[in-house]
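Reviewing the structure listed below.
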Amino acid sequence: MKKIRYSSKHSIHKKIPIYEKIQWYDIAGSKNDLITFLDNLSISPEISEIAIENQPFPEATVFSTCAILRLPIRSEWSIPDCEYVTFLIFPDRLVTLHQSQVSLLVQLRIQYQKNTMDEDVKSIPTLISYILDNLIDANIRCFTRARLTTEEFGEKVDLATVVIKEQDAVNVRRQVSQLLSQFEDQFYALTNLETQHTKKAFLNELYDTLKDSIEAQGHLVRSLTHLEMRLRDIQQFYQYLMERKTEQRLRQLTVLSTVYMPLTLITSIYGMNFENMPGIGWEYGYFVLLGLMVLISGILIYFFYRKGWFQ
20 MKKIRYSSKH SIHKKIPIYE KIQWYDIAGS KNDLITFLDN LSISPEISEI
70 AIENQPFPEA TVFSTCAILR LPIRSEWSIP DCEYVTFLIF PDRLVTLHQS
120 QVSLLVQLRI QYQKNTMDED VKSIPTLISY ILDNLIDANI RCFTRARLTT
170 EEFGEKVDLA TVVIKEQDAV NVRRQVSQLL SQFEDQFYAL TNLETQHTKK
220 AFLNELYDTL KDSIEAQGHL VRSLTHLEMR LRDIQQFYQY LMERKTEQRL
270 RQLTVLSTVY MPLTLITSIY GMNFENMPGI GWEYGYFVLL GLMVLISGIL
320 IYFFYRKGWF Q
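For the sequence shown, the numbering used here assigns the number 20 to the initial residue and increments by one for each residue that follows.
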């Protein structure tokens, strides 16, 4: 690639190399910082207002001078929050705005600074294509980790040899649902931009990339939807196991209470110690009564055993 030079025109401007035909400004800062930066670039108020909106939803809008694309990006699949990154696409430059650092953009920025990007990155559309390709790769890694976590959780449930907390199941399902929401938002934004690309000539070069990215992202959405269904089945099976375990404990308590009920009745009757109670003076009464209690217990236990209450 061509030799690069650095620009430090703005105080919050990360030192991004500027190629002869490519300028990429990657800005992370507060809302006021972003406003200041856009003012210095002489961006129209209408575009600036949309670009700095701190709204958790995707955006794809094409103006006469530029296009705006807002996407959610998550550094790790399991973290609760994602960062919305706004892409301001001009014919001669790209501006990415976000309030906190995004690891994917940090890595790409380092490649950009060290001149180690793909040799095909020679224009703004090819730079965006390169970023989108890396975004899809990051999404695939997130999906792979989510699938691995789901399968590991499923194996634990199937083996039933590890104590699993119900909150663990809830956490995994919530993380997968959050990742699915991110993938759907990305799919929506890319699809919306693809439908508007013909409005500007500088976006036509993005058509093939957008088409491929949309196809890959759509496949990820479908795959993660199936994964969420799989996780729902695992969670339902886990709840079934917990209900069966609770039912088994209730059965054991029922057996114990049923066995001890007649024994308690017998001992309570003869514990009243009335002088004229039958069998009080009988020499073998104590042993006969113990034998009767053992016989009753044995009959009840055998009855419950035949009915399958101990399985």
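Every residue, glycine too, gets a C-beta built ideally from N, C-alpha and C.
The model shown is predicted, which means the values in this text are computed figures rather than measured ones.
- The way I'd put it, the segment 91-99 does touch the segment 198-205; three or more beta-carbon pairs between them come closer than 8 Å.
- Its Cα nearest to that of Leu308, the residue Gly290 stands out among Gly290, Trp96, Val140, Gly327.
- In the DSSP assignment, Pro297 falls outside any beta strand (DSSP E) and carries neither an H nor an E.
- With at least 16 other beta carbons inside 10 angstroms of its own, Val104 counts as buried.
- With a cutoff of 8 Å on beta-carbon distance, Ile143 and Ile87 are scored as not near each other.
- Here DSSP, grouped into helix, strand and coil, assigns Thr84 to coil.
- By the Cβ-count criterion, Arg128 is buried, with 16 or more other Cβ atoms from all chains shown falling within 10 Å of its own Cβ.
- Three or more Cβ pairs drawn from the segment 94-103 and the segment 114-133 lie within less than 8 Å of each other, which places the two stretches in contact.
- Residue environment analysis places Glu78 among the buried positions, since at least 16 neighbouring C-beta atoms fall within 10 angstroms of its C-beta.
- Put simply, the backbone Cα of Val274 is about 14 Å away from that of Thr265.
- Rounded to the nearest whole angstrom, the CA to CA distance from Phe206 to Asp58 is 31 Å.
- Counting of Cβ neighbours within 10 angstroms places Thr214 among the exposed residues, the total staying below 16.
- According to DSSP, residue pairing for Ile46 in a beta bridge involves Leu116.
- Here the C-alpha atom of Thr80 lies approximately 46 Å from the C-alpha atom of Ile183.
- Ala235 is not bridged by DSSP to any residue.
- The beta carbon of Ser196 sits closer than 7 Å to those of Glu247, all from its chain and outside the five residues before and after it, given in chain order.
- Judged by pairs of C-beta atoms under 8 Å, the segment 185-192 does not touch the segment 221-231, as fewer than three such pairs exist.
- At a Cβ-Cβ threshold of 8 Å, Ser242 and Leu209 do not count as neighbours.
- Here Ile320 is not near Leu239, since their CB atoms are 8 Å or more apart.
- Closest in C-alpha terms to Arg112, from the list Leu146, Asn295, Val121, Ser83, comes Leu146.
- Tyr149 sits away from Trp43, with the two beta carbons spaced by 8 Å or more.
- C-alpha of Ile98 to C-alpha of Gln186: approximately 16 Å in a straight line.
- Along the segment 104-169, the beta strand (DSSP E) occurs as fully enclosed runs of 3 or more residues at 113-117, listed in sequence order.
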